[in-house]
Structure formats: structure tokens, C-alpha cells
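Residue numbers (the numbering used here): 37 to 397.
Below, the structure written as C-alpha cells:
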């Protein structure tokens, strides 16, 4: 005879059950199994660039930006994790966006933090943020922070492609909140700053006697230093990685790793909700570990595999893959590889919830 669970031995009278049902109440022992099941467990997955390329080529061929609904005038292919259904994870959104020659993705602003990482660009492909034109050359990372106007203008004769990365799922799904959003009255915002302005204000020299009220731009208030509009040029980041590789010891889990810091503070994370790093792997397999943050990767160059529990995600240039929370994983490059790592770790650290360890056996 099958042994009954303790909860099955608990019986309530029909009167008690009626009172509970009538007033929207449930006993704890019936509720506890439902906790943690609103969103399914994230699954390890990979999206191959050849498939993404075919999709974005088809979207570009079939759908002009001008035909898209206001506010969504972005031609994007979005990797979907089967456990989530609308994004790569429940905290991080990744999309691959294209703008054709002569096109403009119209100006708007929103409460989500966002960045662009250029996959296939040129100095004539520009993202305009807070009045400055930022050229989008290969592997450049450009911030489009909360509530800053931004539009994308392709003045070249080639289609440009880049990664969009936002914290939308964290806000819309995990926190179940609405996003603040506004379209600009003009398709292209006015260019009011010379190129290099924002970099000049957040380099080694800073405006004298600058005062900060500690708030985030727009109709938001918080306790974090706002992330400014900024372009991280790839040549400088790659040189820093090479210098690190030539002079330092690698991290056992991430290889030679450099964070994209908030230019206003010089520290991680780049945004209060997401952290980003460039990782150079050239010392063979990394050591296995696990943590409770989600990690998304974009392969900048090279080939290899990331082993997630018992699954091997085999990757090559421009592939995108995700490592779920609590999954034991390690990287194994074929030779040398460079990855862009993206994580929601700052969210966990803000509440003192972040945990990381190596397998005990």
C-alpha cells in the first residue's frame, strides 16, 4: 500500500473549505508547492549564427521598418528560450537587429536599460544617443541608458547588424511591471553634441565641481549612479585583453576577463541590472563551477564548446547561447576564443542573494 504524504492526511471540513474559497484564501501546505513555478526553469540552449542570419535576411527582405507599428519600428530576430516563450531568459532580452542602407530606426526612449553590440557595422552606421552620433564599428559596445532618446541611422551602402540587450524581461515579467515609453516627435533626434562629447566627459578628466543629485535620468529615482551614453571601442578593449593575457594569470572559470564598467563610477556593473565582460579563452578548458545567476554569451570570435551539466553547446563565431542558473558549466575553446558575457548577477548582489561555488566532486 502506497504511503500517503503528510499533506494528504490533512482534512478540512466543507465549511472551512467554503470559507477559504469564498475569501480567496488557501492553507500554506497547499500553497508551498506553487512557489517558484510561475516561470519554468530556464534551459540551456544555443542559437547558431547561420540560422539567425537566414532569419534576419528574411525579415529585412519582407518587412520595411516604415511598415512596423509605432514604438516597435525595429527589425529584430529574438532568440526564444522554450522555457520562457518570449526572450532568452526571464531577466535578459537579446535580439539581433538590422538596419538597411538609407534606413532609420526612429527615435524613442524607455525605462529599460539597453545597449548595442555591433556584429557587422561601419563608421557610417550610427546610433544617436542623447544628442551624439556614435559610429557602430565591429564589436563596439554602445550604451543607450534609461530615458535617453536613441535612434539608429544607416548612411552606409551595407546592411548593419548588432545585438540589442535589455533588462525588459526582468521588469515586465519577473517584476510584472509596466514600462515607461515615449516616441520622439521627430524620426531622427537633433544632433546637439560633437562626436566624442560623452567620452570626453567620462574619461580621465571630469567636469569641475560637478554635483549629482543621485537620481536616475527621467521619471525614475534610485540609489545607483546613472549610466551615461558611451561607446566602448573594440580596439581598446582587445588591446587590454591582450595585455592581460601577456602579463596576468587567467581566472579559472572565465579566462582573461575584463568588465565593461559604468563610466560614471569606473566600477561594475555597467547597468544596475546587468553586467558585461569580454572574455579571452586561450589556456585550454576552464574549471567547472555553478552560480544562481543567468549568463548569456555571444561568440565574438573562435570556436569551442561550453559544457552545461551533461550537455555540450558547441559554438562558433556569432553564435548566442545561454547558461541557466545553478547549472555546472565550463568552457572549452578549440584554440583561442573571445566571448561577450552578459549576466543578471547585479540583481542578486543587490539583495545579497548571489551564490557561486565549484562542484564538490
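Cβ atoms here follow ideal geometry from the backbone N, Cα and C, with glycine treated the same way. Owing to the predicted nature of the structure, the values given are computational and were not obtained by experimental measurement.
Nearest-angstrom Cβ-Cβ length linking residue i and residue j, presumed shorter than 8 Å
i: residue 197; j: residue 133; result: 7 Å
i: residue 353; j: residue 254; result: Contact flag wrong, Cβ pair sits at about 37 Å.
i: residue 342; j: residue 351; result: 7 Å
i: residue 176; j: residue 270; result: 5 Å
i: residue 143; j: residue 185; result: 5 Å
i: residue 224; j: residue 187; result: 6 Å
i: residue 315; j: residue 290; result: 5 Å
i: residue 313; j: residue 296; result: 7 Å
i: residue 125; j: residue 358; result: 6 Å
i: residue 113; j: residue 202; result: Wrong, their Cβ atoms sit about 15 Å apart, outside the cutoff.
Residue i - containing alpha helix (DSSP H), residue span
i: residue 279; result: 270 to 283
i: residue 91; result: 85 to 98
i: residue 233; result: 233 to 237
Residue i (DSSP reduced to helix, strand or coil)
i: residue 133; result: strand
i: residue 37; result: Its pLDDT being 48, under 50, residue 37 is placed unreliably by the model, and the measurement read from it follows with that caveat. Looking at residue 37 - three-state DSSP - the assignment turns out to be coil, as it is neither helix nor strand.
i: residue 170; result: strand
i: residue 224; result: coil
i: residue 142; result: strand
i: residue 65; result: helix
i: residue 180; result: strand
i: residue 262; result: coil
i: residue 49; result: coil
i: residue 256; result: coil
i: residue 114; result: coil
i: residue 398; result: In the structure as shown, the chain begins at 37 and stops at 397. Residue 398 is therefore absent and cannot be evaluated.
i: residue 383; result: helix
i: residue 203; result: coil
i: residue 159; result: strand
i: residue 218; result: strand
i: residue 128; result: coil
i: residue 197; result: strand
i: residue 58; result: helix
i: residue 77; result: coil
i: residue 102; result: helix
Test item: CB-CB of residue i and residue j under 7 Å
i: residue 376; j: residue 334; result: yes
i: residue 322; j: residue 361; result: no
i: residue 391; j: residue 318; result: no
i: residue 261; j: residue 300; result: yes
i: residue 178; j: residue 163; result: yes
i: residue 222; j: residue 127; result: no
i: residue 340; j: residue 386; result: no
i: residue 231; j: residue 169; result: yes
i: residue 263; j: residue 311; result: no
i: residue 204; j: residue 129; result: yes
i: residue 99; j: residue 140; result: no
i: residue 265; j: residue 150; result: no
i: residue 217; j: residue 325; result: no
i: residue 123; j: residue 77; result: no
i: residue 276; j: residue 292; result: no
i: residue 338; j: residue 369; result: yes
i: residue 160; j: residue 191; result: yes
i: residue 228; j: residue 136; result: no
Endpoints, the beta strand (DSSP E) within which residue i is located
i: residue 154; result: 150 to 156
i: residue 73; result: Note, residue 73: premise wrong, no beta strand (DSSP E); not H, not E.
i: residue 287; result: Premise fails: residue 287 is in no beta strand (DSSP E) and is neither H nor E.
i: residue 187; result: 186 to 190
(request) Report the residue ranges of all beta strand (DSSP E) runs contained in full by the segment 299 to 380; include only those spanning at least 3 residues, in chain order. (result) Here the runs fully enclosed are 311 to 317, 331 to 337, 340 to 344, 347 to 351, 356 to 359, 365 to 369, 373 to 379.
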